[in-house]
Amino acid sequence: MAATAVSGPLEVEDVQGVVLRGYGSLRAARYLLLRVGDAAAARAWLRGLSGRVTTAQRSPDGTAVNVALTAPGLTALGLPDAALAGFALEFTEGIASPHRSRILGDVGESAPQRWAWGGPGSEPVHVLLLLFATDEAGLAQLDEERRREAEASGLHVVASLDTVDLGDHEHFGFRDGISQPVMVGSGQTESALNTIQPGEFLLGYVNEHGQLTERPLLQPDDDPDRLLPRDESHRPDLGRNGTYLVMRQLRQDVRGFWRWADQASRAPDGSADPEAMTRLAAKMVGRWPGGAPLVLAPERDDQALARANDFAYQGPDPEGLRCSIGAHVRRAHPRDSLDPKPGTQQSVAVGKRHRLIRRGREYGAAPPPGTLLDSSDDGVDRGLHFICLCGNLARQFEFVQATWVVSPKFDGLYEDDDPLLGARGPGAGAFRVQARPVRRRHRDLPRFVIVRGGAYFFLPGLRALRYLART
Ligand code: HEM
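440 is the number of the first residue of the sequence shown in the working numbering; add one for each residue after it.
This is the structure we're talking about:
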C-alpha cells in the first residue's frame, strides 16, 4: 500500500475525545440527530462547532461535544461523489440497506422499515451530535446552546435521544463497560490481549494486519489550502484520525428476560429458585450482575472480580463448563478460543482483528424495584443506545454482529444465537449450558432485544472536520 503509517504516539489533538474516553465522569448524555437544510449554512455551523469539539488531548472538564456524519450528511454538506467513494462501501450504502439488514439480523420487528429513525421511511439523518455533561442541568444548558446554533443554521432536529444513568449497569441488571480494547500509543494500559494496534480504530495508523486500513484520500487540487494531512504520495488524507461510528437503538424487554430466566430455572416441582434464576441469566451474559466473569468466578458473584478482564477461555474452560460457549461476552469477544489453534497466540491474533470500542449509554426508566417478574408490559421503551467505533465496519462491527452474535453456528454450536441479542423468531431460540454430567439445553428462548433505529457515521479528525466545513 502506498501510504505511510503514522508511527509513534497518536495525534491526540486531532482525534475526537470519545475515541479514547467513555467520559465516565460526565454522567448525563444526549444524542441529537440532525438533518442539514442549507449546505453553506450548515458548513458555517460546522466551522463554529469545530472549535468546541472535545479532543482526545485531555479529559474534558464539565462538558464534552463530539460530532459525526452519515454518508448522506457528507453529501448534504457538499462533499463531491468522488471523495465520498473513498469511504468504505458499508458506510456509503448505510446500515439499513436490504442485504445488510439480513446479515445483521435486522428483520421482522427489527426491520429498518419499522425503525423510529434511520430507516427508509423516516427523515434522513445527516449529523450526530454527542453531548455530555456532569449532570442533567449542565446537559440542558449545553443542549439548549448547541441546538439553538444548529437550528439558526437551518439544521433540523430529526430526533433527540435521551440517555439514563443506571450507574455502570445496563437494563438487564449487569455491570457493563468493563472490557474495552486500548490502542497502542494511547498511553492507556491493558493486558496484551486487549492492547490493539491503533489502525483497528483510527484511520491512518497501522492495524492488526500490519497495514493501513482503507480510507478516503483526495487529490491535491481538492485541498489547495492544505487543511488536511498528507499521505506519502502527497494526497490529502480525509480519513486520518477519524473512525467509523455505529449507532443502534436497542430496545430491551427487561421483564421478558427475567420472566424467561425465572421459568427456565424453576425446580421440578415448579417452585421459583431466585439463585438458579440469577445463575442462568449470568450464564447467558458470561459475567455475574456485579461484573465478575464466570470463567474466573464460576460459582457465585465476587465483588473482588467486578472489573476483572485479564482472562482467556481456552486454558481454564475449553468446554464452556464455567462460561457457556454461547454466552454474550464469549461470542462477542472469544479471546483465545478461535480457530485455527485455540489457546495460542495465533488465536488471539485472529481475535484482535474483530474488536470494538463500545461507547453506548442506556435509555428509558428502569422498571420499579420488585416488578421485574411482573407479567404485564409497562409499555416503557428502555434499552441501550449502542455505540461502537471501528476502523473497518465489515471486518469489525458487521463480522461480530453477523458471524458471532446472530449466526446460530458458533464454536461448535449450531442452533443457538446470542442469548441476549439473537434475532430469532418468537420463541425460536435455544441456549445450551454446558455442564457435567449432562448439559442443559433451553428451548423456546424469546427475542429480548429489538432494533429501533440505527445508522453508520464517520467521526472525523479535527482537521478533516474543518476541511468539511470550509466554504
Ligand atoms: C441491549 C444490548 C446489549 C446488552 C444488554 C449488552 C450487555 C453486555 C454486558 C453486560 C457485557 C459485559 C460487560 C463488559 O464486558 O463490558 C457486554 C460486553 C460486550 N458486548 Fe454487549 N450488550 C449489548 C449489545 C452488544 C452488541 C450489539 C455488541 C456488538 C455487536 C456487543 C458487544 C460486546 C462486546 C465486544 C463485549 C465485551 C466482551 C469482552 O471483551 O469480554 N454488545 N455486553
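Glycine is no exception: its CB is placed at the ideal position from the N, C-alpha and C atoms.
Note to self: What ranges does the alpha helix (DSSP H) occupy inside the stretch 503 to 571, keeping only unbroken runs of at least 4 residues that lie completely in it?
What the structure shows: 510 to 516, 520 to 523, 528 to 532 and 537 to 543
Notebook entry, point to check: Using the C-alpha atoms, what's the distance from Asp520 back to Ala591?
Noted result: 27 Å
Check: Using 8 Å as the Cβ pair cut-off and three pairs as the minimum, do the stretch 617 to 636 and the stretch 571 to 586 touch?
Finding: no
Check: What residues match up with Arg474 in a beta bridge as DSSP calls it?
Finding: His595
Checklist line | Rounded C-alpha distance that separates Ala441 from His565 | finding: Residue placement at Ala441 is flagged as unreliable, the pLDDT there being 35, under the threshold of 50; the coordinate-derived value follows with that caveat. Roughly 32 Å between the two C-alpha positions.
Checklist line | 8 Å CB neighbourhood of Ala468 in its chain, flanking five on each side removed | finding: Tyr462, Leu569, Leu570, Phe571, Ala572, Leu578, Thr602 and Arg800
Check: Taking 7 Å as the cut-off, does the CB of Ile635 come closer than this to any heavy atom belonging to the ligand HEM?
Finding: no
Note to self: I'd like to confirm something about Leu618: is its beta-carbon nearer than 7 Å to some heavy atom of the ligand HEM, or not?
What the structure shows: Here residue 618 is Ser; the residue named in the question, Leu, does not match the sequence. Yes, the ligand HEM has a heavy atom inside 7 Å of this Cβ.
Next item on the list: Have a look at Pro781 and Glu837 and give me their C-alpha separation to the nearest angstrom.
Entry: 22 Å
Next item on the list: Output the residue ranges of the alpha helix (DSSP H) runs that lie fully inside the stretch 656 to 744 and measure 4 residues or longer, sorted by chain position.
Entry: 693 to 703 and 713 to 724
Next item on the list: Would you be able to state if there are at least three C-beta pairs under 8 Å between the stretch 887 to 899 and the stretch 684 to 693?
Entry: yes
Margin query: Classify His673: buried if its beta carbon has 16 or more other beta carbons within 10 angstroms, exposed otherwise.
Written below: exposed
Check: When you compare only the Cα positions, how much space is there between Thr493 and Arg460?
Finding: 11 Å
Checklist line | Span of the beta strand (DSSP E) around Val872 | finding: Gly868 to Val872
Next item on the list: Ignore the nearest five residues each way along the sequence and tell me which others in Pro448's own chain have a CB closer than 7 Å to its CB.
Entry: Gly624
Margin query: If you follow the alpha helix (DSSP H) that Tyr895 is in, where does it begin and where does it stop?
Written below: From DSSP, Tyr895 is part of no alpha helix (DSSP H) but of the beta strand (DSSP E) over Val888 to Leu898.
Notebook entry, point to check: Between Leu860, Arg882 and Ala478, which lies nearest to Ser549 when the distance is taken from Cα to Cα?
Noted result: Leu860
Next item on the list: Within the same chain, show all residues whose beta-carbon is closer than 8 Å to that of Gln702, passing over the 5 residues directly before and after it, in chain order.
Entry: none
Margin query: Suppose the cutoff is 8 Å on Cβ atoms and the five residues either side in sequence are ignored; what does the same chain contact list for Ala874 look like?
Written below: Leu760
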